[in-house]
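Read the structure below first, then the notes.
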Amino acid sequence: QPTATHRFRTQHSEIADIVSKIETILTKPTWSAQAQDIRQAFSELSAKLRIHLALEDDVLYPRLARHADSKVRDLAVSYQTEMGGIRQAYEDFLSQWVHSGKLLTDPAGFQAATKGLFAALKDRIHRENTAVYTLVDSVGW
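For the sequence shown, the UniProt record's numbering assigns the number 1 to the initial residue and increments by one for each residue that follows.
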């Protein structure tokens with residue numbers, strides 16, 4: 001029997017795999033020669049991330065914010081307030097770096113921006129897996 005958050009956890013795993021793939025490419029000194037692979041990986045990441053964030057931000061967190069248990073409500077409101085900006089940050093990153101081609105004209109800036117974005121994304125995933133999803137699995141929707 002899958003947990004209430006099984007789907008969300010699976011999506012987190014898929015997102016983490018794509019992030020790891022991009023990070024691996026960026027560790028290579030000649031990564032700019034793989035710009036098309038990076039763009040493709042970001043396209044895959046975008047597809048997964050947009051669906052996932054829409055489910056969380058538009059369905060999961062609003063639903064949890066109305067939960068009977070005040071602990072669940074408080075956590076949901078806190079997390080949504082604190083981490084809700086990642087969707088827009090990701091879209092801004094794509095526009096500034098990936099779609100514009102700036103990843104090749106400012107490779108150091110692209111690497112730094114990618115590192116910052118991925119750190120925020122990994123933090124959100126970790127915190128949701130360990131706090132939000134664990135709580136939801138124990139008390140239910």
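All residues carry an ideal CB built from backbone N, CA and C; glycine is no exception. Keep in mind it's a predicted model, so treat the numbers as computed, not measured.
Looking at the unbroken alpha helix (DSSP H) that takes in residue i, where does it start and where does it end?
i	result
His12	6 to 26
Thr81	70 to 83
Arg66	Looking at the DSSP string, Arg66 is not in any alpha helix (DSSP H), and its letter there is neither H nor E.
Ala33	Run containing Ala33: none; DSSP gives neither H nor E here.
Gln88	86 to 93
Give the DSSP-derived three-state secondary structure of residue i in the structure shown.
i	result
Trp141	coil
Thr105	helix
Pro2	coil
Ser43	helix
Please work out which residues of its chain come closer than 8 Å, Cβ to Cβ, to residue i, disregarding the five sequence neighbours upstream and downstream, and give them in chain order.
i	result
Arg66	Arg73
Arg127	Tyr79, Met83
Ile51	Gln11
Asp69	Val139
Please work out which residues of its chain come closer than 7 Å, Cβ to Cβ, to residue i, disregarding the five sequence neighbours upstream and downstream, and give them in chain order.
i	result
Gln96	Lys102
Phe110	Trp97, Lys102, Leu103
residue 143	Limits of the chain in this structure are 1 at one end and 141 at the other, which puts residue 143 out of reach.
Ala113	Phe93, Trp97
Quick one: does residue i have its CB under 9 Å from some CB of chain D?
i	result
Asn129	No chain D is part of this structure, which consists of one protein chain only.
Excluding the 5 residues preceding and the 5 following residue i in the sequence, name in chain order all residues of the same chain whose CB lies nearer than 6 Å to its CB.
i	result
Val77	Ala65
Tyr61	Ala76, Gln80
To the nearest whole angstrom, what separates the beta carbons of residue i and residue j, a pair I think is in contact under 8 Å?
i	j	result
Leu55	Tyr90	Not a contact, Cβ separation roughly 15 Å.
Thr24	Val136	At roughly 32 Å, the Cβ-Cβ gap does not stay under 8 Å, so Thr24 and Val136 are not in contact.
Asp57	Arg87	6 Å
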